[in-house]
Every structure is written in C-alpha cells, then in structure tokens.
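Residue numbers (this note's numbering), protein chains in the order written: chain W, 642 to 946; chain F, 642 to 946; chain E, 2 to 328; chain Y, 2 to 328. C-beta: ideal position from N, C-alpha, C; glycine also.
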Ligand SMILES: Cc1ncc(C[n+]2csc(CCOP(=O)(O)OP(=O)(O)O)c2C)c(N)n1
Ligand SMILES: Cc1ncc(C[n+]2csc(CCOP(=O)(O)OP(=O)(O)O)c2C)c(N)n1
Ligand SMILES: [Mg+2]
Ligand SMILES: [Mg+2]
C-alpha cells in the first residue's frame, strides 16, 4: 500500500501531499510487488466493460511500473506544459489500461476512478485523451502512428525552453508499420533529437496474428540504426531489473546527438498463463471464469480499486 | 528524326503503324542523340507557360530515354490495363515535362501536343493524370509519396494474372521523406514483391535546398537494404551506358524474392550549365534570355515541336 | 394532420451490418474472380475472414498502413482487379484522404472502400475511432459514390451492387447488432426507399438511424402525426426527386444520420433544397462534438441519435412549420 | 428593386494573400517569442523566409513529411509554444486529416495550420494541388476555427488575430496577386463584414471571391439590382446573425467561394438557414469537379468563379425569388 501514496498529483484539487520529497524507489522488490496489482487492475477494468486491450497492457506492466516509479523525474502537481520534468507519451493508445492503472497507483488521480474505464461520462476513455482532462495525459492517442511526432515536438519545445529533462515514449511493434513513424524516425535521426528515449513494445504480435505473418518488421535494430538512432535491445523486457538497467544506460546516452530506441522484447499477455504468447487477447476481455483464473495467478498486493 | 516514328501508340485513333516489329534500340549513340532534343522540349514547355519543373526533368532525361527506348517492353497500342507489357509509374509527378517529351517522342501522342503543356483544356496537366485520358499515363501523381504503393499494386495484379512483365517506377529523393514510401518499402521488402524496379532520382536537391540541409536521407542504401531490398547505385546517373547497364543487371535480379531499387545519382538541371548543381531551378522557368542560352547548349536533333 | 396505416417492418434477428458486408464479399468473390480484398490488420473486425479463407491468393494483408493500402488498391485495378479495401471508417477516410483523392478518385480507379465501425455506435473505443465526418469527407470528392447502409441485408445487397458498379465507391457500415428488417426491400445505388407514407413531415434517414426513424414513426403516429419515411442509403449521388416530392407534400423535413450535422447528409439536403424548394429542416445528428466511450445504446441516447430524439425534434419542427405558414 | 450608393473600395496594388501571411508571421514573431514556425519544404511559397531568417532557432524545417509536421506542432504546444505550420492547402488538410483530428483538434492543441495555394487559383500545377474541399474538411472538426482571407491586408491582420487566439485554427489563403483593398477594414475572428448595403439580394463571399463580388455588385447596380455584400472570412464559427439579418431583408442569398459547392461555406449557410429561415439560394462555387492546369484568371472564368458568373447567377436568383413570392 505504500506506493500509491508516494505522490498525489492532480489538476482537480484532490488532497495533495505538498512538499513531498521526490523519492526514486530503488527497491526492485517493491516494484515487483506492484506488478501483480497492476495486472489485476488491467484485468478487472477490461472485464468490467467487456472490452479493451489486456494483451499489450499486461506485456507492458513492468515497463510502466519502472518508468513511473523509478525512471521519470516528475512533479507533484500535473501540468500540461510539464516544464522541467520528464514527459511520457503513449503512442499505442489501446494499452490504456496499464497506463491508467499506473497513473492512478502513482497518484495522478484516485484509484477508485479506474472503475469508470470505458463507461459513459468517464475521464478514462477507451484510448487516452486530454479531452476529458485526465491528469497525466498530454496527448490523445488511439489512431496509431502519431505519438512519435508529438514526442519529438515536445523534445523541441524543451530544447527551446532550455529544459534539460527527457521525453519518453512507447510504441507498438505493429504500430511501426505506419509510415508517419518513419517520417518521425528520419526527422529525429537527421535532426539529432537527443532528449528522446522511445521504447518499442516488441511483442511480435498484432491484431491479425504475429507481426511476422501480418507484415514482418524484419531486422528492426538494423532499420533504426540505419536511420541514425542508438538502439538498445532487451531480451527479457518483462524483467524489472533489465528494464531499470537499460533505462539507466539509455539516460546516460541522451544529449549525444542521437535519439534512443529501446527494443523491449515483451510477452503479450504476460502474467496470465492462458493469455501469453498469442495475439488472441490483443483486444478481448476475459469472461467471469477466465477473470477468476487470471486473478488467481496475481496476488492482490496493494488493494483492488 | 528516326526515333519518334519507331512506335505510334494512342487510344485516340491516330494513325498507327501496325505490325511494327518492336525494336530495341541498342545503339547508344542514337539514344544520346535524343537527349538534347528532350532537354529542348523540357525547356521550351516550361518557358512557354512560365511555370513547371525543369531541374528534376533535365536530371532525368537520360533515364527516361533509356527506359522508354531501350528497357521497357511495351505494346503498340496503349491500354490502361497494360497486360503482358512492362509498366512505368512516375511518383514524383512534378517532372512531367521529361515524361511528356519522351512519351510524345516515343509515339504515345503527337509531338505537337507538347505545346499545350499546363495550358487550359490540355491533356498535359501540370502533373500527369489519367483524368484527361493522355496515353501513357496510368495514375495521377503530383502529391508526393503515393507512387510506390500504386506500383506495388500493379505488381500484385501482374502476379495474379500470371503476367511476367516488370513494373518500373521513379521517385524523387526528397520525396522519400514521405512516410507512405516507407510503408510501401516495408511491404515490398517483406512480401517479396520481386517484379518491381524502383529508381530514385538521387539528385540531393529539393525545393528549399539540398536534401542534406532540408532533412538528410543519411545512408539511403543501408536504409533500403535494411528493408530487404536489393540496391544498385549508379554514380553517374546521367550517363546512358551506365543506365543501360544497371537496368540490364536489375532486370536479371527480378523474380528473386526481393524488390529492386536503383539509386541513380543525377545532376539536377543536367545539360544546362547555369541550372546544374542547384535546387534553384526545381520549379522555376527560364526567361527569354535564359531559354536562348539553355537551348544554345542543346542541339535540335529531332525537330522541335 | 392525421395518422396513417403503417407498414410493418419486422425482423427475426439483430445482426451487425459488417457481417452483411463479410457475407456479401464472399458471395461476390465467388461470382467474380477479379474481386480482390485488402485489409490493414483488422480482418476479423471487418468480417473478411471467410473471403481470406476461400481466396487466400486474392486476399492481401497490408499491415497497419492504410495509405499504402489505398495506393496498392489503386494499382491493382491496373490489370483488371476490383479491390475491396477494409478497415475502420476513420482509417478508411480521414487517415487517407489525399491518397483516395489522387490515386483513386482523380485517377478514377475502380476501388471499393469498405468501412466498418463508423460513427458513435463503435462504442467503447471512444472518439479517436468514432469518425462522424466520413460522409462529409467522401461526398466532397468528385466522382465518388457514397453509401451508408442500415442493416445486415441492405449491406449484403449493397456489396453486390458495388461489385457490379464501375467506379470508386465508399461503403460505410457499423459495428453493433441492429434489427435486420430489409430482407424484402430491393437495393439500387442512388435510389432512395420510401418506407412509410405520411403527410405531416418528411423524415430522411440513413444507416443506423433508419430503424430509429421507423420506431419514431410509430410513436408519432400514435400522437396523430403521420410521417413520410425515406431511407437515403446513397448519400451521393443523392436521390433528389424522392425528397423533393415528399417535401412538396409535407413542407418540413428532418434528416437523421450518425454524423456531425456539419458536412453530412443533412447539409447536402439543405443545400439542394435551398436551390429548388427552401424548406424548414431539423437535424438529428451529432452536434459538432467528438464522441466518447460507452455502449452504443447509451451513446445514441446521450448524443441525440435515438428514436426519442427524432420524436421530440419532429414535434418541434411541426410547430415551427405551423408558425411559419400562419405568418 | 433599386440601385444604391456604393461604397468605393480602391486598391494601390495587387499582392498575394500569402505575402500578407509572411509579413504577419514575422510581425507576430517579433511580438511573441513563443511563436514558432514549421514548414514542409515550401518555405518560399509560404513566404516564411523572413521568419526563418529572423528567428532561425524558432523555425523548423520538417522536410516533405506533413503528417510528422502536424504531430511535431502538437508536441511543441507542450511547453507553451504557439506553432504555425506552413504548406499548401491540400497538404495542410487532406493529407493530414487524421493527424489534425487526433493530435490537434481532439487534443485541443494551440496549433495554427496555415495553408497557401488553396483552391483553383493555384493555377498551373493542376488538380492534385488545387484542393476545393479543405474548408469542408476543417469545418467538420469540432473545436476548429476556420478562416479564409480575401486579400493581403486581411491575411496579415488575420495572422495577428490567430496568434492571439487560443485554440486550433485553420487559416486559408492563396497564391495569385489580388487587389489589396481592405487596408481600412478591421478584422475580428467570427465577425462578418458588411461591404455594401442593398435590398434585392444577399451576396456572401469569402477569400478570392470577395473582390469578384464587389465587382459584380457594381455591374448589378448598373442593372438596377442592389446587393447586400457580406464578407464571411470566418467559415467557422459562422456569423449567423449578420447573414440572417440580411436575408430577412433581401429574401435571397448567393454564396461565393473558391471551393466545391458540396461541403463548403454555401452548404453551411443553407444548413443554418434551413433551421431558422429557409431561403432561396444560389451557389457560386466549383461544380463537384476537379480543377485543371491554367492561369488563375482563365480557370476562374471556366469554373464559374468570376464576377460575371456572380452577375448571371444573381439575376437568375432574383427571378426565382420573384416567382416564388408571386406563387
Ligand atoms: C491508424 C490505425 N489503424 C488501425 C488501428 C486498429 N488497431 C488497433 S491496435 C492494432 C494493432 C497494433 O499492433 P501493435 O502495435 O503491435 O500492438 P499490440 O497488438 O502488440 O498491443 C490495430 C491494427 C488503429 N488503432 N489505428
Ligand atoms: C505531399 C506533397 N508535399 C509537398 C509537395 C510540394 N513539392 C513538390 S516537389 C517538392 C520537392 C521534391 O523533392 P524531390 O523529390 O527531391 O524532387 P526534385 O526537387 O529533386 O525534383 C515538393 C516539396 C508535393 N507536391 N506533395
Ligand atoms: Mg505488438
Ligand atoms: Mg531531389
């Protein structure tokens, strides 16, 4: 129960813990403890409305936990401009469940609000949006392929403002089939956008099947390097220590005239045995029986919403 | 004057030279002789309406002459479907002057029609289009970045039809900044579209300056190879023998599970000294004085329109 | 004012329009071997699976690259293929407008752009996916035929009609299960369908709003208001005659569509009536807002796209008509 | 019917609207250092060179990648920048509709989409570049402000207004040199401008058609027809009051725009009049066709966008109005 009170942020006037000294949680065990709770949130949110995207969300649970509880340097109070704090953009907006869970657990809004996911009049839209004013979200996504351009724009804005913080982004691997990504990849590589760390959720799955079958990405590392990016590859992207390590290294490589990509090999549906290693749960909710089974595999560590 | 009567093609009922045995003009000298005439056409067309794109057109004169008079296997009568003949798609439609000149000189329509370029009620639109029924044109272009996808579609159509002929396309180098190209490059590479030979007019110039300054393409060969393409590079892409040679080699590499790209290093404005090696004449017409100068550098070999 | 005997439209099942497309596509694929299909990683959602299974060599999985899909479709027509592209409505139109414009519409290529999950009834995915502007986008393209079907059977028939039609077509359908009532009703591109005869008001409806307008008609009839109900499935070219004839009789028109009132069918009708016979009009459509997540039914209610809204707006419209004529 | 004393609008020079944008951009750039500019390889055509020269660090050359440009612009707003994007109108709208929709409009980002070479007066480049649907595209987006200026001075002023306005804006202007007559006329977003007072017909014009309508007005006046001339520079939000007041007086309206009659300003006006006061209307606009190469002047004549066409259509419209009222 410790983590969701670490920081309280909001634009809506919740009780704020002011003057809270920002603490980077270095304790891997504690991060690991949070993961099953995030998985439970994802599963229960998606089950609750019988729609949404558990597969990609589960595969990125460890990444989000590390990013928000360990890596990013952010302020207590959420502001759209995010000056002098690290920013994050989710390009593959369909994995909103993991984003919302971690935002809530990180204090951006009340955990209880997770129960409104995808319901009418909610701030937790099917895909993340600024339109309803949810703290933590700085751009709408859902239509794939647009997030990298936005992240680059934020990088340029930071440079103009003399703001040394870093911009993070996350993208699906199937999403990289969208051409706008390659415009942005070319721009960032050629124009030396070096305050950017973009992670690819490299789960090798998309809606219609494996990415290999649908439209192979071939050698993605080679591709990105040919566009002048620094590329790190993490073989087990569901391992917290690995993620911490690569993010620490990546951070040190910023400000060196090149954008940074992290190919995070993840397992879609990670943490729920019958959802793993398949595209089947990309956008399908578990039924009651399946939910029970899935939850039994993940302990309630921080209290369900 | 021999060349413009080699083939007469049209859908409009011009006099057709029937049963004309298709002759591949192997005589490099005769191809070379045509080039200054094509340049004259380009210059006079653009001057005539004080608009249009001489730079890229001049740089590709040799390529078009070789493609249409040596490489492509096409029928006497133009048909939209182009079954069992090689097809060509111009993606960088702004270099229509060279396209029109070579189409006319190759018998697709009357040479005199070149005088209608960019004038109201003409079939020779600023950018090539099927809309006015000009023989030789199978797709509209002008808005950049769309032609490679279309060429791939034609390749797939040929494969379905058991048609062994080849699809050729031409693209600007600046044009490759458009993301749709990379969608198409990924598709052709991953899906093994191997009846396609795509040439890049690698003149390193675009509207606002050198491609290096505007948005560098970096190592283009490495990029395309990382997308599973076979890449040939021609250092002097304004040399007829070089073009013939590379096209012959490329043809032999088709049907080998990979698409083929030719990086044709050309000189923008080639053949007119004051237009060469600069982006200044990308889309600017010469005035009377400049035209005279330019024409004086290029002999009338086949009769002006 | 007065009631009329209503035709009774019944249905055996609720079924989604996109299944009508999937079934139709398989059928036309069997008839004409030049028909090919392309999909951008949404084969199941578009119900193209059966076509793919039966004609694997005529099915092209493009990946998540809609612009490339439109260009490839245009290229496939060269050599005689008839390509049907499939993806959600937003990615079929807004995402690829310039590609459709140049490579398909201006090039006059025989491509059938088939778009599922149109409008707000897409539901839970929310506003980024709920395009409410696609009819407007496609109607502005010279040479484009624009169709929005209302139920399973109309969609299936439209798929056949579109396959036999020469020229670019935009075919719009949706995600939710809706009453399948038009089994006996023929379908012809460009020809509106008179569903009910009445005198007090003309109700023109398209897509999912057709069933709502039939429901509204029943309720209005009970209140003593009789309605002409016209199903305009072809937004372009518009069947002006059937509308004109009706408004000459009723003197008031209400247009019902799952679309922004700006730029949609309603504006097209106001546009042509303003030239021929200016008529008081009311709009059942979204009110220039983005959509949001929710169930289709709740969203239709919240955004004023249900039969209740049609009833309310019709009553107000008739009041306005009477005020105007008594002036 | 009757003539009126016409206000005289004179001009010292013909100058393109895009130069008004370029000058305005430099001016606002000097005033507000948060203003940044982005261009997709058309700096000269957009007249952004002076901004680039004066503020090199605030100018972003994106290359030929319009989708990326829109996304980068959206991202730049985070941290307080006010991005002005510049490319031709087609590549500012149709090419990037979904990007504008999601990353700018739905995200409510303070991006100014500045579009040159709109409409048929782009001239010789031809149809692929002559977008006649951009007003329709942009007006359908919730929250988008849509402006089409008529001359150098109005464009310059609009650039200032837009810089001071919070929210996404589409600012449309053109390529050819046109009379610069509105030096003394103030500009306010959303506020139509009454240019002439008359009684027989309301002429609403936007963009390059404003000068044509003033010319037409003079000719019509000589024929004894007096016109209300309204310059609607803001297509959205539309100044409904100024139009309504005028048609209440004249009973007939003609809308003039360099745009497809489908989906443009004319349909917006027909749409709102059909709710408030159905009025006989005539359209000076392109007739659902693509454009073609030619000089701006010849094209305006061929596609019915010149003062002569306005005169002809006005005369016919008044005949129709009289027929209707004598019924
Ligand atoms: C432009 C666009 N096209 C199509 C879709 C539909 N869609 C949503 S998720 C998805 C698959 C994405 O694959 P990937 O990025 O690998 O994500 P994962 O399935 O691994 O979560 C598709 C095609 C979309 N949202 N946006
Ligand atoms: C989508 C699109 N964006 C912008 C333009 C405007 N434009 C025409 S040609 C050109 C430069 C193209 O550069 P390149 O492909 O290198 O051709 P080159 O200048 O070498 O002839 C641009 C930006 C366009 N025609 N289409
Ligand atoms: Mg994936
Ligand atoms: Mg070039």
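Hey, would you say the C-beta of residue 697 of chain W is under 7 angstroms away from at least one heavy atom of ligand 1?
-> yes
Quick one: does residue 816 of chain F have its CB under 8 angstroms from some CB of chain Y?
-> yes
Within chain E, the residues that residue 721 of chain F reaches when beta carbons sit closer than 8 angstroms = 79
Answer yes or no: the CB of residue 953 of chain F versus the heavy atoms of ligand 2, is any distance below 7 angstroms?
-> Because chain F spans 642 through 946 in this model, residue 953 of chain F falls outside it and cannot be assessed.
Under the criterion of a Cβ to heavy atom distance below 7 angstroms, does residue 693 of chain F qualify as lining ligand 5?
-> By its list of ligands, the structure shown excludes ligand 5, since it contains just ligand 1, ligand 2, ligand 3 and ligand 4.
Please state if the CB of residue 789 of chain W and the CB of residue 768 of chain W are separated by a distance shorter than 8 angstroms.
-> no
Uninterrupted alpha helix (DSSP H) stretches inside the segment 841 to 928 of chain W (no shorter than 4 residues) | 852 to 856, 861 to 867 and 881 to 894
is_contact[residue 849 of chain W, chain E] using C-beta, thresh 8 angstroms | yes
Buried versus exposed, by CB contacts within 10 Å (16 or more), residue 298 of chain Y = exposed
If you run the structure through DSSP and keep just helix, strand and coil, what is residue 729 of chain W?
-> strand
To the nearest angstrom, how far is it from the Cα of residue 744 of chain F to the Cα of residue 801 of chain F?
-> 28 angstroms
Measuring only between beta-carbons, confirm whether residue 100 of chain E sits less than 8 angstroms from chain F.
-> yes
Taking the CB atoms as reference points, tell me whether residue 251 of chain E and residue 231 of chain E lie closer together than 8 angstroms.
-> no
DSSP three-state call for residue 185 of chain E: helix, strand or coil?
-> coil
Residue nearest to residue 265 of chain E in terms of C-alpha spacing, selected from E:8, E:208, E:111 and E:51 = E:208
Closer than 9 angstroms at the beta carbon, the chain E residues around residue 105 of chain Y | Those within 9 angstroms of residue 105 of chain Y in chain E number zero; the least Cβ separation is about 12 angstroms.
Anyone know if the C-beta pair for residue 809 of chain F and residue 729 of chain F falls short of 8 angstroms?
-> yes
Go ahead and label residue 325 of chain Y buried or exposed: buried means 16 or more other beta carbons lie within 10 angstroms of its beta carbon, across all protein chains shown.
-> exposed
Which chain W residues sit within Cβ distance under 7 angstroms of residue 91 of chain Y?
-> By Cβ distance, chain W contributes nothing, its closest Cβ being about 17 angstroms from residue 91 of chain Y, past 7 angstroms.
Cut-off 6 angstroms between Cβ atoms - residues of its own chain near residue 316 of chain Y, not counting five sequence neighbours on either side = none
Using a Cβ-Cβ distance under 8 angstroms, would residue 828 of chain W count as near chain F?
-> yes
Spatial neighbours of residue 895 of chain F within its chain, please: CB distance less than 8 angstroms, with the 5 preceding and 5 following residues excluded, ordered by chain position.
-> 807, 835, 836, 837, 838 and 901
Member of W:854, W:670 and W:851 whose CA lies at the smallest distance from the CA of residue 711 of chain W = W:670
Would you give the residue range spanned by the beta strand (DSSP E) that residue 1 of chain E belongs to?
-> Outside the modelled stretch of chain E, which goes from 2 to 328, sits residue 1 of chain E, for which no answer is possible.
Residue ranges of each beta strand (DSSP E) run of no fewer than 3 residues wholly in the segment 210 to 237 of chain Y, ordered along the chain?
-> 228 to 232 and 235 to 237
Using a Cβ-Cβ distance under 8 angstroms, would residue 66 of chain Y count as near chain W?
-> yes
Report yes if the CB atom of residue 142 of chain Y is closer than 8 angstroms to the CB atom of residue 190 of chain Y, and no otherwise.
-> no
For chain E, is any of its Cβ atoms less than 8 angstroms away from the one on residue 791 of chain F?
-> yes
Mind checking whether the beta-carbon of residue 842 of chain W lies closer than 7 angstroms to any heavy atom of ligand 3?
-> yes
Reduced DSSP secondary structure (H/G/I, E/B, other) of residue 664 of chain W | Note that residue 664 of chain W has pLDDT 45, beneath the 50 cutoff, so the model's placement of it is unreliable and no number is given.
Find the nearest neighbour of residue 92 of chain Y within the set E:291, E:99 and E:211, judged by alpha-carbon distance.
-> E:99
Give the secondary structure of residue 154 of chain E by DSSP, where H, G and I count as helix, E and B as strand, and everything else as coil.
-> helix
Flag this pair as touching only if the segment 126 to 146 of chain E and the segment 113 to 124 of chain Y have three or more C-beta atom pairs under 8 angstroms; answer yes or no.
-> no
Verify the contact flag: residue 876 of chain F, CB atom, against every heavy atom of ligand 4, threshold strictly below 7 angstroms.
-> no
Boundaries (first-last residue) of the alpha helix (DSSP H) holding residue 67 of chain Y = 67 to 77
Any chain Y beta carbon closer than 8 angstroms to residue 886 of chain F = no
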